[in-house]
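First to last, the protein sequences are chains A and B.
For the first sequence, the working numbering assigns the number 37 to the initial residue and increments by one for each residue that follows.
For the second sequence, the working numbering assigns the number 498 to the initial residue and increments by one for each residue that follows.
Even for Gly, the Cβ is constructed at its ideal location relative to N, Cα and C.
No experiment lies behind these values; they were computed from the predicted model shown.
Shown next, in structure tokens, is the structure this report addresses.
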Amino acid sequence: MTYKLEGWREPTLGENLARAGVSRRDFLAYCGVLAGIFAVGAGARPARAEEVAEALAAITKPNVVWLQLQECTGCMESTLRSGGTTVEEVVLNLLSVNYNELVMAAAGDAANQALADTNAEDHILVVNGSIPLKDGGIYCTIGGESAEEVLRKSAEKATAILAVGACAVWGSVQASKPNPTGAVGVDEIIRDKPVINVAGCPPIGEVITATVSYLLTHDAPPKTDAEGRPLFAYEQRIHDSCPRRAHYDAGQYVRSFDDEGARAGWCLYEVGCKGPSTFSPCPIFQWNLHTSWPIGAGHPCIGCTEKDFFDRFTPFYHVLPDVKGLGVESTAEKIGWGLVGATVAGVGVHAGLTALRRSAGRKLKLTEPLAAFGDESPAADAVGTPPSPTSPPEQAGGEGE
Amino acid sequence: MAERLVIDPITRIEGHLRIELETEGGKITKAWSETTQYRGLEEIVQGRDPRDVWAFVQRICGVCTSVHAIASIVAVENAIGSNPPEQARLIRDMVLGSQEVQDHVIHFYHLHALDFVNVASAAEGDPQAAVDFAKAIGSTWKGNTLERMTEVRDTVQGILDSGQLSIFTGGYWGHPDYRLPPEANLMAVAHYLDALEFQRSMIRIGTVFGGKNPHPNFLVGGMACSIDPNHTESINQVQVDQIGVWIAESLEFVKTCYVPDALAIAGVYKDYFDIGAAQNNYLAVGMSGATFAGDPADSDFTSAHTEVKAGVIFDGDLNNIQPFDPNKIEEWVHSAWYSYEGGDIGLKPSEGETTVAYTGPKPPYSWLADSDEYTWCKAPRYDGRAVQVGPLARVILAYARGHARTVEIVDDAAKQLGITLDQLNSTGGRILARAVECLTSAEILAEATFPTFVSNLKGGDIDVFDTTRWEPSSWPSKASGMSFVEVARGNLSHWVTIEGGKVARYQAVVPTTWLAGGRDADGQQGPYEESLAGNGEHPLVDPAQPLEPLRTIHSFDPCMSCAVHVLDPAGDELKAVES
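Right, dumping it as structure tokens:
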């Protein structure tokens, strides 16, 4: 069909088609073709065009293209582990995931056809993985096309775009120095539409599926912070909701792994915890059916939901303010009060930028990223004079367009 | 007249794989295995703190999450002389064991089964007949109820009726070689859904010890999770009890659901024991989960299964097992987009080099194999030969070494299926070996690893961290280390050199690299290529629906992000040369 839908505004496909001016006759002709396709399976009685038309007209499930570009498949694995809205609920009931390399039945030409067909209509686009731009895109090709080309084609008619996982959001591990393949996140490529950034390496499965179901439930993207991360999941620093926070405030620190403090569940700040500069719901939602979470299992947070993970958070086992460029050896005791103060102020900035993004209703050039400990300026100054990022991401305003 | 066929993307795998084929008269005559993603991770880890590297290389793969982290940590410990306590090693063994069981189950149901199970036909299945079919094949899985089968049939019917086929869109449901009756397809789809539920639950063993999954946290020198039974915030009896339940559930699922299903499908598609043979050479350092710091010949076994020693088998000669020698591993770049300073030679991993030398076409492109170079994957060889690694290699080695439980399960299955041991080198053989190994792994987890851990706890053994080699000042100024780990897809080794407290050189030789690599300078094909085009007899009835080669490629459980890994030992910047 050559009709162009104007977006999914009516409850069903039938109503949307009527709104777009598609005649019943043309629709039936299309359904006749489809009936032929469906008839090949199962030896079932071939469906009539009218039957297909009736079913299709009542369609209420959004079609989804779920790309996997330059990545490790950890984000899909995390999706498989979601215990909230399960993956089977997502792919079988909530959505029609017509293209996803990990789980789809078709391969090769048949897969590419499913992708092209879905790209041709309105759809939700979910992206795992980064886009390697260097050397003409040779470092990741799918069906002979560069990852960038695959992404651009799928983004064209996408009604909502979700960048899921640290790679899709900021490039993550392969974008770490020296970034041999020129890997970038989705919003470095797609600049004319808002991109919802579901951060984390990987994100918690429940957060991935909840972002999708938020879209469906609210019929609108979730409110996000300045980095495009949904507030329902990334509103708080790990440090703010950490069950070990009382030990931090009391000066009770793990000094060495498996020492008495570690066994008693004391604060991991001194062995390198990045919780104070990491916005993530790990302590709240926890992982894998609420089983545990990184700090709960005794390891410091490594900051995987933040921009420039890994570079900005390594060495992992160094105390935060010593992470990069500060040249000061600070103990938790010495800077403890400064940290507490900066944390509170940081939340203020966070909320302010979010409000700005909400009210802007236009492209917003963010030159002031959320300051985090470990940035190349003293923590105490982080709020007042945030450092300029090397390449400021251009973000579209979320609501109010 | 030969026809050309491209399958790209190969779906239901990890990462990006392209297969180019030439076919004639319904048979495959030539095949090229082409990896189309490159990330440069080993270059990225150079100059970093060796204690951080596990987190970088863990991101080589999120499907085989944990395995690269553990291999990295063991290699670093080997280099710096760290000696993790026994309980920490057992924890890693439990994480590896549970990961492998989960991985094999996911592979069978979610990545491989749709090559044999017709989802569209499942809607035609009678629910009671599906229950009866399950009983007939010896499946005692608790999910085999009339209520469940009815619910699943209605779900499938609903999807077909809706016209939106979701992940089943474009599937080859009209292919003449889907052979299962509707009730068997219905049962298999029900188990596909049950397996999703199962993996969510049992993977939590890794979450208890590593805090999350995928990508749990690990620690050079031991584990970060304390196991003091008398602390609330420590792993204590509450978690130990949970783990006991999850392990028991794992064993139950593997025994009552996965193994009977795998045997049933292998039986219906029995001709696949004569299809898909690759090189009749096998390499393994032990059973699944076997972990060595350094050369297996003089390293402590760090895992509980000590029954099967490392070995290499050539030409299927089970009576003549060769000792494993790490110095016989070399990697070739003849067919890959890299160049070696010394030309078209093989290099040992400890001396490996990688300079990108892309000679392929600019994307978009339609055909790669006219050129000698066509992949990002190197081609490892052992003693100059292409070898198979993975469940098949391990099961054959365990069988040859007389591991009683493996011999018992394999002999029973072979008798039931009416196949000979020689036929294990096949697409069907790889399916069978994976199921056999999943069962022995679940048993070892339940009967050896976990009970030993609990018994040690009872004896007051709660140390999980070696503090003596944590500080870089305690390390030699220059040190090298290596690790060998048998992971879900086969033999994995990491090789590290540390200088002045930083990583100077890093290399990983990964299962899928062994299997997915291309031709070497001698024209020897990689195992994927050999399995498709080794004898010119691999079927491909309809090039528009390439179901048969998918069955064979999937039998290796490809993990492409793992396969591509590079290091430039000189620390030079990688140079891309465009054509």
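Residue interval of the beta strand (DSSP E) (run including residue i)
{"i": "Phe352 of chain A", "result": "Here Phe352 of chain A belongs to no beta strand (DSSP E), and DSSP marks it neither H nor E."}
{"i": "Thr520 of chain B", "result": "514-521"}
{"i": "Ile740 of chain B", "result": "Unbroken run through Ile740 of chain B is the alpha helix (DSSP H), 734-750; no beta strand (DSSP E)."}
{"i": "Ala807 of chain B", "result": "From DSSP, Ala807 of chain B is part of no beta strand (DSSP E); its letter is neither H nor E."}
{"i": "Met979 of chain B", "result": "975-984"}
{"i": "Gln1004 of chain B", "result": "999-1006"}
{"i": "Trp102 of chain A", "result": "99-104"}
{"i": "Tyr135 of chain A", "result": "132-135"}
{"i": "Asn164 of chain A", "result": "159-164"}
{"i": "Asn988 of chain B", "result": "987-996"}
Same chain, Cβ closer than 8 Å to residue i, neighbours up to 5 away in sequence not counted
{"i": "Glu521 of chain B", "result": "Met498, Ala499, Glu500"}
{"i": "Thr625 of chain B", "result": "Before going further, note that residue 625 of chain B is Gln rather than Thr in the sequence given. These residues qualify, in order along the chain: Leu643, Met646."}
{"i": "Leu267 of chain A", "result": "Pro258, Lys259, Thr260, Asp261, Thr390"}
{"i": "Lys229 of chain A", "result": "Ala191, Ala194, Ile197, Ala432"}
{"i": "Ile762 of chain B", "result": "Ala610, Phe613, Val614, Leu677, Ala685, Ile928"}
Any non-hydrogen atom of the ligand MN closer than 6 Å to residue i Cβ
{"i": "Thr109 of chain A", "result": "Absence of the ligand MN from the depicted structure is noted, as is the absence of any ligand whatsoever, leaving it without description."}
Cβ neighbours of residue i in the same chain (closer than 7 Å, five flanking residues each side left out)
{"i": "Pro969 of chain B", "result": "Gly998"}
{"i": "Ser427 of chain A", "result": "Note on Ser427 of chain A: pLDDT 36, under 50, position unreliable in the model; the coordinate value appears next. Result list for Ser427 of chain A: empty, nothing under 7 Å."}
{"i": "Ala1060 of chain B", "result": "Thr532, Cys874, Val1007, Thr1009, Thr1010, Ala1013"}
{"i": "Thr314 of chain A", "result": "Arg273, Ile274, Cys337, Gly339, Thr341, Glu342"}
{"i": "Asn714 of chain B", "result": "Gly707, Gly708, Ala721"}
Assigned secondary structure, residue i (DSSP; H/G/I helix, E/B strand, else coil)
{"i": "Gly719 of chain B", "result": "strand"}
{"i": "Glu944 of chain B", "result": "helix"}
{"i": "Ser427 of chain A", "result": "Residue confidence is low: Ser427 of chain A scores 36 on pLDDT, short of 50, so the model does not pin down where it sits. Its coordinate-derived value is still stated next. The answer is coil: DSSP assigns Ser427 of chain A none of H, G, I, E or B."}
{"i": "Lys527 of chain B", "result": "strand"}
{"i": "Asn324 of chain A", "result": "coil"}
{"i": "Leu662 of chain B", "result": "coil"}
{"i": "Ile893 of chain B", "result": "helix"}
{"i": "Val439 of chain A", "result": "There is no way to answer for residue 439 of chain A, as the model of chain A reaches only from 37 to 437."}
{"i": "Arg966 of chain B", "result": "helix"}
{"i": "Trp638 of chain B", "result": "coil"}
{"i": "Cys176 of chain A", "result": "strand"}
{"i": "Arg882 of chain B", "result": "strand"}
{"i": "Asn816 of chain B", "result": "coil"}
{"i": "Pro581 of chain B", "result": "coil"}
{"i": "Tyr871 of chain B", "result": "coil"}
{"i": "Phe293 of chain A", "result": "coil"}
{"i": "Arg548 of chain B", "result": "coil"}
Limits of the alpha helix (DSSP H) - the one that residue i falls within
{"i": "Ser1058 of chain B", "result": "1057-1060"}
{"i": "Tyr1025 of chain B", "result": "1024-1030"}
{"i": "Tyr289 of chain A", "result": "Tyr289 of chain A -> no alpha helix (DSSP H), and no H or E assigned at all."}
{"i": "Arg697 of chain B", "result": "679-699"}
{"i": "Leu538 of chain B", "result": "538-542"}
{"i": "Glu242 of chain A", "result": "241-254"}
{"i": "Val503 of chain B", "result": "Unbroken run through Val503 of chain B is the beta strand (DSSP E), 500-504; no alpha helix (DSSP H)."}
Whole-Å CB distance - residue i paired with residue j, under 8 Å assumed
{"i": "Gln322 of chain A", "j": "Ser328 of chain A", "result": "6 Å"}
{"i": "Ile160 of chain A", "j": "Pro98 of chain A", "result": "5 Å"}
{"i": "Ile244 of chain A", "j": "Ser114 of chain A", "result": "6 Å"}
{"i": "Val503 of chain B", "j": "Trp864 of chain B", "result": "7 Å"}
{"i": "Leu304 of chain A", "j": "Ile331 of chain A", "result": "6 Å"}
{"i": "Gln210 of chain A", "j": "Ser182 of chain A", "result": "Wrong, their Cβ atoms sit about 15 Å apart, outside the cutoff."}
{"i": "Thr903 of chain B", "j": "Met140 of chain A", "result": "About 35 Å; that fails the 8 Å criterion."}
{"i": "Ala910 of chain B", "j": "Val933 of chain B", "result": "7 Å"}
{"i": "Pro1040 of chain B", "j": "Ile525 of chain B", "result": "The Cβ separation is near 10 Å, so there is no contact."}
Close Cβ partners of residue i (< 6 Å) along its chain, the five nearest in sequence each way excluded
{"i": "Phe630 of chain B", "result": "Glu680, Ala681, Met684"}
{"i": "Lys170 of chain A", "result": "Thr217, Gly218"}
{"i": "Ile740 of chain B", "result": "Ile702"}
{"i": "Arg1048 of chain B", "result": "Asp612, Thr924"}
{"i": "Glu242 of chain A", "result": "Ser118, Gly120, Phe321"}
{"i": "Asn164 of chain A", "result": "Gln104, Glu107, Cys111, Val200, Gly201, Ala204"}
(Q) I want to know whether the segment 910-930 of chain B touches the segment 540-556 of chain B - three or more CB-CB distances under 8 Å. (A) no
(Q) Would the segment 883-890 of chain B count as touching the segment 562-580 of chain B if we require 3 or more Cβ pairs under 8 Å? (A) no
(Q) Taking contact to mean 3 or more Cβ pairs, one atom from each stretch, closer than 8 Å, check whether the segment 1005-1018 of chain B and the segment 587-600 of chain B are in contact. (A) no
(Q) For the structure I just gave you, are there three or more beta carbon pairs, one from the segment 778-791 of chain B and one from the segment 889-905 of chain B, closer than 8 Å? (A) yes
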